[in-house]
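**Student:** Chains as they are written, first to last, in this note's numbering: chain A, 7 to 325; chain B, 13 to 505.
For every residue, glycine included, the Cβ atom is placed at its ideal position computed from N, Cα and C.
Computed from a predicted structure; not experimentally measured.
The structure that follows is given in the form of structure tokens.
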Amino acid sequence: MSDEIGRWDRREVVTRLGSAALAAGAVLAGVAFFHDRRRDVPARRKVPDWRAVGVPPRVVAARGGEPAANVRRAVAALGGMERFVRRGERVVVKPNVGWDRLPEQAANTDPEVVAELVRLCLAAGAAQVVVTDISCNDPRRCFARSGIAAAAAAAGAVVVESGRLRLVPADLAGLAEGIEVAEAVLAADRVINVPVVKHHRLSRATLGMKNWFGVLGPGRNRLHQSIHRAIAELAATFKPTLTVVDATRVLLANGPQGGSLGDVRGVGAVAVGTDPVLCDAWGGVQLGLRPAELPFLREAEQRGLGRTDTALVEDLGTA
Amino acid sequence: MSWTTRIRVVYQAFFLALFIALLERLAAGDPRDLPASAFFHADPLAAVAVVLSSATLPGALVWGAALLALTVVFGRVFCGWVCPLGTLQQFASWLLSPRSRRESLAANRYRRWYATKTYVLAALLLAAAAGTVQTGLLDPLATLARGLASGAWPVLPGGRPVPGGWLAAALLLAVVISSRWLPRVFCRALCPLGALLGIFARFSLFRIARRGEACSTCTLCTFACQGADEPLGEHRPSECHVCLNCTTTCPEGALQYRFLPSPPARPAQPDLARRYLIGSALAGLVAAPILRATGGGRQVADPRLLRPPGARAEPDFLARCIKCSLCQQACPTGALQPAIGQAGVEGLWTPVLVPRRGWCEFACTRCGEVCPTGAIERLTAPRKTGYDGGEPVRIGTAFVDRGRCLPWAMKTPCIVCEEMCPTDPKAIWVETLEEPTRDGGTIFLQRPWVEPQRCVGCGICEHRCPVGEEAAIRVFSVGESRDPLNRIVLPVR
């Protein structure tokens, strides 16, 4: 210690300067370590391509039977589910479970169509089949009242309501910033898109390509500002193993959630295919809309995502 | 631990677990018909207050009479064996405050200001008679349910934020933590339900009796006395929680919980000063009109005071709502929030629907199903939606803000509101028109219009409107079914 004010001995000078240097060094090291440490943007997951290799683009329609029988016949005509789902794969079946409506109201995919797909996937050796969708209404009510939760679970699927989904940033370059995607879908080996055919005021029809809205999180409502481009972009981003268009019942008006049974027409048909654009073109016809009347189909065809000539659909007719 | 204590702890743990489990099932949306509001149905404080304010005893609240009968037979067993908030305080007191014997004796001594709860009760009941139910502010069951619904569930993983909930959570926390300094001080000094039960406990058939000749005045009985009811002195049945700690700790066996013991020489009177009692009752009476004057929607409808579907007209609603937050906990979309300012001081913590937080699910009737007092009437889905052929139950009307709406203000397609609209046919319809654009071209636009006769005010349009913070379509209370004068248009006939 110094004996009087103003006079420090060497030992104290060294100690003080040393500790000051240590403190300054620690601060500098901290600054150097933390400065702009998290400059990187969060990693965006790439959306995988779920298509089966070596399968030509085809669409097969079956009508007349029970919904499950239609699905079975159409899938068999495409070569059976084994052609698309391999042993041990994890499959996501993505129906439209958007609304708190009963199956008769045709706002959601028919539960029997979903259940039959689950059974076919499991029979083909799938390790796990997840049925999920990000609903617009309260997901608990949507999954319960649509009949999909019960039917899919009975068929052996894992039913995940949107409240239990984890959303992650994904590479949606052509869409909008900040929209996240359900991780369970991105993590799947195979994805089967199962839309229902419905009227929609803005896009005129909501079919398979629009059904991808249901894997997107908050912010998807901004995509309506350019709906046809957004739908084509979704088709370019999400490439399903199969598209199964459910026209068991179609909703002709007050879509996409309907309500009145007077707006529902029983068509009793299902189309299964590997050409998502052609699938939607077929779906539009079930609503009485020619492909030329649906701009998103034209846009998708121009981008080379598929074809719109509905004469290419192989109709198996009634059973 | 004696066997009576063990049994009591089992009871307390069971009822606390049951209370929390019922809240958890509500939040999880359990579709089964569970007795979610059973605790509140047996709450005689709610029953008395609602009877005083609305001159009717709604349905299941008659179970409050069962609790009063139980109290007349056994004393305040509800407080010591059932009340989940009492259990939490007792647990906090045990956990947070290891007291020495001397400190415990001091902490469990009776204090004259423990009579405050009776003054609080008098003020609350007189206010109820004057038309404003405020018992929920301090009702122990409401305090606990509200504090958990607003403070605990929102911070659990996956919980929905309740911006106004911190105040309710803070009250609950304060009640529980205060036991660190004085065990069960809320029960002893503030709880209006305890005070009400205490009035009946004075006449209880079973009570603690002391055999004076056996007592060595060792004071061990006071050591763990929950109610601070002086088992050693002139025992006060109106304060006693019947925890039975005194009977089991007495080394001489001088204290017993017995049927109709011989009365003491001078029965303990409640420690009430008549002028305070009259004063607090008058305070309640005077506070009532002042509180009613603050009511946001009482005389003049408030534009953003959206009440749950089936809610009664504002004065009737406020005459029944006990601020228990069960509706908020049951709401599947998180739309119901505890009011902080929207309903005036009087309506603090009453449920208000905030569309930016959630929407009223079209066919959902859960809030009315769990409301213990019928402030929100029980609806069926066909009745609420109008599918039974009647008028649907409306909570307001949506208005398009043409200055913010994309097709109206920015010539940009959108109509998400129309897509979401749940009515059949949709209350939101669109007009299609071809509009010139800035660069000389044209664009097809669909502009949304609201048909007020169809709109039920569910608010899903406002919730899902893509225009950032403040939506371009907003719901206001005008058109709500519960107020026939808060209207815009004549109904279609």
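Mind pulling the chain A residues with CB within less than 7 Å of residue 456 (chain B)?
**Tutor:** Those do not exist, as residue 456 (chain B) stays about 10 Å from chain A at its closest Cβ, beyond 7 Å.
**Student:** Would you mind sorting residue 409 (chain B) into buried or exposed? The rule is 16 or more other CB atoms within 10 Å of its CB.
**Tutor:** Buried, by the Cβ-count rule.
**Student:** In chain B, what lies closer than 8 Å to residue 207 (chain A) by C-beta?
**Tutor:** What residue 207 (chain A) touches in chain B: 427, 430, 431, 442, 458.
**Student:** Return the Cβ separation of residue 56 (chain B) and residue 76 (chain B) in integer angstroms, given the expectation that the two are a contact with Cβ distance under 8 Å.
**Tutor:** Yes, they are in contact, since the Cβ atoms of residue 56 (chain B) and residue 76 (chain B) sit about 3 Å apart, within 8 Å.
**Student:** Are the CB atoms of residue 263 (chain A) and residue 6 (chain A) within a distance shorter than 7 Å?
**Tutor:** Outside the shown range of chain A (7 to 325) lies residue 6 (chain A), about which nothing can therefore be said.
**Student:** Where are the beta strand (DSSP E) runs, 3 residues long or more, that stay fully inside the stretch 28-76 of chain A, in chain order?
**Tutor:** With a minimum length of 3 residues, the continuous beta strand (DSSP E) runs that stay inside the stretch 28-76 of chain A are 65-69.
**Student:** Please list, in chain order, all residues of the same chain as residue 8 (chain A) whose beta carbon is under 8 Å from its beta carbon, the five residues on each side excluded.
**Tutor:** Residue placement at residue 8 (chain A) is flagged as unreliable, the pLDDT there being 48, under the threshold of 50; a coordinate-derived value is accordingly withheld.
**Student:** Buried or exposed: residue 232 (chain B), going by 16 or more other Cβ atoms within 10 Å of its Cβ?
**Tutor:** Buried, by the Cβ-count rule.
**Student:** Using a Cβ cut-off of 7 Å, pull out every chain B residue sitting near residue 142 (chain A), in sequence order please.
**Tutor:** Neighbours of residue 142 (chain A) on chain B, chain order: 432.
**Student:** Evaluate the contact criterion for the stretch 58-75 of chain A versus the stretch 157-171 of chain A: three or more CB pairs, one atom per stretch, below 8 Å.
**Tutor:** Not touching, per the Cβ criterion.
**Student:** State the beta-bridge partners of residue 247 (chain B) as determined by DSSP.
**Tutor:** Per DSSP, none; premise fails for residue 247 (chain B).
**Student:** Taking only the alpha-carbon atoms, compute the straight-line gap between residue 68 (chain B) and residue 326 (chain B) and give it to the nearest angstrom.
**Tutor:** One C-alpha to the other measures close to 17 Å.
**Student:** Just mark residue 301 (chain B) as buried or exposed, buried being the case when its beta carbon has 16 or more other beta carbons within 10 Å.
**Tutor:** Per the 10 Å Cβ criterion, exposed.
**Student:** If you draw a straight line from the alpha carbon of residue 351 (chain B) to that of residue 136 (chain B), how long is it in whole angstroms?
**Tutor:** For residue 351 (chain B) and residue 136 (chain B), the distance between alpha carbons rounds to 20 Å.
**Student:** Which residues mark the beginning and the end of the beta strand (DSSP E) in which residue 51 (chain B) is found?
**Tutor:** Here residue 51 (chain B) belongs to no beta strand (DSSP E); instead the alpha helix (DSSP H) covers 50-53.
**Student:** Any beta carbon of chain B sitting closer than 7 Å to that of residue 26 (chain A)?
**Tutor:** Chain B contact via Cβ: absent.
**Student:** Roughly how many angstroms lie between the CA atoms of residue 150 (chain A) and residue 136 (chain A), to the nearest whole one?
**Tutor:** Spanning the two alpha carbons is a distance of roughly 16 Å.
**Student:** Along the chain, where does the beta strand (DSSP E) that runs through residue 100 (chain A) open and close?
**Tutor:** Looking at the DSSP string, the run of the beta strand (DSSP E) that includes residue 100 (chain A) is 96-101.
**Student:** Measure the Cβ-Cβ separation of residue 347 (chain B) and residue 413 (chain B) and say whether it is below 7 Å.
**Tutor:** Contact flag unset, no.
**Student:** Taking the alpha-carbon positions, what's the residue 320 (chain A) to residue 101 (chain A) distance?
**Tutor:** For residue 320 (chain A) and residue 101 (chain A), the distance between alpha carbons rounds to 23 Å.
**Student:** Output yes if chain B places a C-beta closer than 7 Å to the C-beta of residue 210 (chain A); else output no.
**Tutor:** Not closer than 7 Å to any Cβ of chain B, the Cβ of residue 210 (chain A) fails to qualify, so no.
**Student:** Mind listing the chain B neighbours of residue 260 (chain A)? Cutoff is C-beta to C-beta under 7 Å, in chain order.
**Tutor:** Those are 436, 437, 438, listed as they occur along chain B.
**Student:** From the beta carbon of residue 265 (chain A), is the nearest beta carbon of chain B less than 7 Å away?
**Tutor:** It does; some Cβ of chain B falls within 7 Å.
**Student:** At a CB-CB cut-off below 7 Å, which residues of chain B make contact with residue 150 (chain A)?
**Tutor:** Residues of chain B passing the Cβ test: 43.
**Student:** Closer than 9 Å by beta-carbon distance: list the chain B residues that pair up with residue 41 (chain A), in chain order.
**Tutor:** Per Cβ cutoff of 9 Å: no residues; residue 41 (chain A) is ~32 Å from chain B at best.
**Student:** Helix, strand or coil for residue 244 (chain A)? Go by DSSP, reduced to three states.
**Tutor:** Reduced to three states, the DSSP call for residue 244 (chain A) is coil.
**Student:** Helix, strand or coil for residue 197 (chain A), going by three-state DSSP, please let me know.
**Tutor:** Looking at residue 197 (chain A) - three-state DSSP - the assignment turns out to be strand.
**Student:** Determine, using beta carbons only, whether residue 497 (chain B) comes closer than 7 Å to chain A.
**Tutor:** Answer no: the Cβ-Cβ gap between residue 497 (chain B) and chain A never drops below 7 Å.
**Student:** Measure the alpha-carbon distance for residue 42 (chain A) versus residue 36 (chain A) and round it to whole angstroms.
**Tutor:** If you take the alpha carbons of residue 42 (chain A) and residue 36 (chain A), they lie about 12 Å apart.
**Student:** Using a Cβ-Cβ cut-off of 6 Å (strictly less than) and excluding sequence neighbours within five positions of residue 261 (chain A), which residues of its own chain qualify?
**Tutor:** Excluding sequence neighbours, residue 261 (chain A) sits near 204, 205, 206.
**Student:** Nearest chain A C-beta to residue 404 (chain B) closer than 7 Å, yes or no?
**Tutor:** Taking Cβ atoms only, chain A never reaches closer than 7 Å to residue 404 (chain B), which makes this a no.
**Student:** Report the partner residues of residue 252 (chain A) according to the DSSP bridge assignment.
**Tutor:** Looking at the DSSP assignment, residue 252 (chain A) forms a beta bridge with A:202, A:276.
**Student:** Name the chain B residues whose beta carbon is nearer than 9 Å to that of residue 146 (chain A)?
**Tutor:** Near residue 146 (chain A) (Cβ distances below 9 Å), the residues of chain B are 40, 41, 43, 344.
**Student:** Is the beta carbon of residue 226 (chain A) sitting closer than 7 Å to the one on residue 185 (chain A)?
**Tutor:** In this structure, residue 185 (chain A) lies closer than 7 Å to residue 226 (chain A) by Cβ.
**Student:** Taking only beta-carbon positions, decide if residue 36 (chain B) is within less than 7 Å of chain A.
**Tutor:** Residue 36 (chain B) does not count as touching chain A.
**Student:** With residue 130 (chain B) and residue 201 (chain B) assumed to form a contact (beta carbons below 8 Å), what rounded beta-carbon distance in angstroms separates them?
**Tutor:** Wrong, their Cβ atoms sit about 10 Å apart, outside the cutoff.
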